[in-house]
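In what follows, a structure is listed as structure tokens, so that the remarks can point back to it.
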Amino acid sequence: MEIYSKDQINSLVINHNFIIVDRAVAHLHFLQEDFSDKRVYFVDRPEFSKNLENFEKICDFFLDHNISRFDTLLVIGGGATSDLAGFVASTILRGIKWKVVPTTLLSMVDAAIGGKVGVNSRLGKNLIGNFHLPQKVYIATEFLSTLDEYQIDSGKGEILKYAFLDEKIKALIYEKVSFEKLIKACADYKNKIVKDDFKEEGKRVILNFGHTFGHAIEKITSFSHGISVVMGIKLCLTLFTPSKLKMFDELTKLLEIKVPSYQNISLDEILSYMSKDKKNKNSKIAFIVNRKLVYYSLAEVKKLIRENCYDDIN
Ligand SMILES: NC(=O)c1ccc[n+]([C@@H]2O[C@H](COP(=O)([O-])OP(=O)(O)OC[C@H]3O[C@@H](n4cnc5c(N)ncnc54)[C@H](O)[C@@H]3O)[C@@H](O)[C@H]2O)c1
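Here the sequence shown stands for residues 0 to 313, numbered as in numbering that gives the first Met the number 0.
This is the structure:
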């Protein structure tokens, strides 16, 4: 994975007529003139816009401006923007090409890579979607300069996930390599997994490590996606592989991630949300344990939580 400069991204903008950009990113990193003569849809509050209502609005906007099957959509923003915009690209005129410039750490190492696109439904996150690979992902780390600490921590949450899946990434964290090197290693790792299993029919599922609890925590609290994943990873390790908690502590310290407490999160709400997870089978809940997909019944999970996290969870 190559790292691009902001100038190269500016040239990309010049060469595209149809653009979807996170409005905050447009304000912080571009001039108004950069988008003149372009058909640009600005996304406000991306996670709240990632729904069917906005999907329809965006399709109407571009159809109104005569987008054709030969056009390529340029998408600039974090993971919520690229999920929503990629879903538009996958469906408008039965699918057009798209390119993506991820602007958050989380989207550089994860969300922009691999072609999973979609929107949230009232019943849960990412329940409506598609697989549609971008032509290219342009990582420009200059965008990271305007992210606050909380958003950086959120991206580090997905980096932590990779450290539990890939020995090389774990070693790089212990070696304290530069952030840029770590971003490239994570993006390369995800690309490799996706190349082997694009539609998540096999090994791609391991990328969901920590996400069964993580998605539930994200839905019922106001924690960001990546921070919810960190908490999900900790819960997963506590329940199924407590011997790895030492590594969790070491890695979160090295990555300087602040791990919130589980206090005040309702166990019943977590369990009720998890019982609707997309990966569940025969009413059993899917988890990634030791890089493998395993299933546990609700009663088994409840018992494990009561035995192992009694002090932490209500
Ligand atoms: N498709 C996938 O494979 C995949 C994988 C992981 C996560 N996701 C999705 O990604 C989303 C989370 O991504 P995210 O954390 O990037 O969230 P996001 O896109 O909501 O961005 C987070 C916040 O940062 C702002 N922002 C973006 N770039 C900025 C910059 N350079 N400077 C300052 N502010 C900036 C945004 O306006 C937003 O307020 C979730 O919806 C999650 O479901 C998708």
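Beta carbons: idealized from backbone N, C-alpha and C, even for Gly.
Each of Asp276, Val204, Thr220 was checked against the Cα of Gln262, and the nearest Cα belongs to Thr220. Residue side-chain check: Gly123 keeps its Cβ at 6 Å or more from all non-hydrogen atoms of ligand 1.
Ranked by Cα distance from Ser223, the options Lys280, Lys189, Ser153, Asp196 are led by Ser153.
Look at Lys194: its beta carbon is at least 6 Å from all of the heavy atoms in ligand 1.
Residues of the same chain with a CB within less than 7 Å of the CB of Ser81, apart from the 5 flanking positions on each side, are Val74, Val99, Pro101, Ser106, Ala110, Ala111 in chain order. For the 7 Å CB-CB criterion, Lys37 and Asn53 do not form a contact. Taken through DSSP and simplified to helix, strand or coil, Asn125 comes out as strand. In terms of Cα proximity to Ile138, the closest of Thr103, Val20, His214, His26 is Thr103. Here DSSP, grouped into helix, strand and coil, assigns Gly213 to helix. Note on the segment 65-135: whole alpha helix (DSSP H) runs with a minimum of 4 residues are 78-90, in chain order.
Beta-bridge partners assigned by DSSP to Phe41: Val20. Per DSSP, Ala186 is one residue of the alpha helix (DSSP H) stretching across 178-195. DSSP places Ala285 in the strand class (E or B) of the three-state scheme. For Phe47, the closest C-alpha among the options His28, Gly78, Ser67, Leu72 is that of Gly78. With distances taken between CA atoms, Ser274 lies nearest to Leu297 out of Ile287, Leu254, Leu297. Counted as a single uninterrupted DSSP element, the alpha helix (DSSP H) harbouring Leu303 occupies residues 297-307. For Gln262, no alpha helix (DSSP H) segment is defined, and its DSSP state is neither H nor E. Using a 10 angstroms sphere on the CB of Gln7, the tally of other CB atoms stays under 16, which defines it as exposed.
Beta-bridge partners of Ile138 (DSSP): Ile2. In this structure, ligand 1 has no non-hydrogen atom nearer than 6 Å to the beta-carbon of Val12. Rounded to the nearest whole angstrom, the C-alpha separation of Asn279 and Phe34 is 44 Å.
Per DSSP, the continuous alpha helix (DSSP H) segment holding Leu238 begins and ends at 224-239. DSSP, reduced to helix, strand and coil, places Lys280 within a strand of the structure shown.
For the pair of segments examined, the segment 153-173 was found not to touch the segment 122-139: the number of CB pairs separated by less than 8 Å stays below three. For Arg93, the closest of Ile66, Ser10, Val108 by C-alpha to C-alpha distance is Ile66.
Note: Tyr149 is not bridge-paired with any residue in the DSSP secondary-structure output.
For Leu146, the closest of Lys277, Val12, His28 by C-alpha to C-alpha distance is His28.
Contact annotation: the segment 190-205 does not touch the segment 254-270, with fewer than three C-beta pairs closer than 8 Å. With respect to Gly117, Gly128 sits close: the two C-beta atoms are nearer than 7 Å.
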